[in-house]
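> Got a structure here, written out as structure tokens. Questions coming.
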Amino acid sequence: MDAIINRPNRIREKQIAYQAEGGKAPVYLRGNGKIWFRAYMALFTVSFVGANFQLIQYVRVSGKAGLSILLAESVVLRPSYER
Numbered sequence: 001m002d003a004i005i006n007r008p009n010r011i012r013e014k015q016i017a018y019q020a021e022g023g024k025a026p027v028y029l030r031g032n033g034k035i036w037f038r039a040y041m042a043l044f045t046v047s048f049v050g051a052n053f054q055l056i057q058y059v060r061v062s063g064k065a066g067l068s069i070l071l072a073e074s075v076v077l078r079p080s081y082e083r
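Everything in the sequence shown is counted per the UniProt record's numbering, starting at 1 for the first residue and increasing by one.
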């Protein structure tokens, strides 16, 4: 149990090693972080572009047709004394 609890502090050594790399890459892009970061950014980009594409498609398709359906429903739902 002593080997788990009383471990030597290696933070200073790791800090020196990271700073010795001299700004080649940010900390979040070192090691496996590069793979995870790029995968996340690819997924984010695909979902963002897909959502905007669907939004544009919806606006283009439901332009005049959507407006005419809205107007027709408002005429049907209007009370008889307003006609």
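C-beta atoms are modelled at their ideal positions from N, C-alpha and C, and glycine is treated no differently.
From D2 to A39, what distance separates their C-alpha atoms?
Within the sequence shown, the letter at position 2 stands for residue 2. Within the sequence shown, the letter at position 39 stands for residue 39. About 39 angstroms.
> Give me the Cα-Cα distance between L29 and R7, rounded to the nearest whole angstrom.
Stepping through the sequence shown from its first residue, residue 29 is reached at position 29. Stepping through the sequence shown from its first residue, residue 7 is reached at position 7. If I take the Cα positions, the gap works out to 27 angstroms.
> Start and end of the alpha helix (DSSP H) containing V27?
Stepping through the sequence shown from its first residue, residue 27 is reached at position 27. In the DSSP assignment, V27 falls outside any alpha helix (DSSP H), carrying neither H nor E.
> CA-CA distance, F53 and V59?
One-based indexing of the sequence shown puts residue 53 at position 53. One-based indexing of the sequence shown puts residue 59 at position 59. A direct Cα-to-Cα measurement between F53 and V59 gives close to 10 angstroms.
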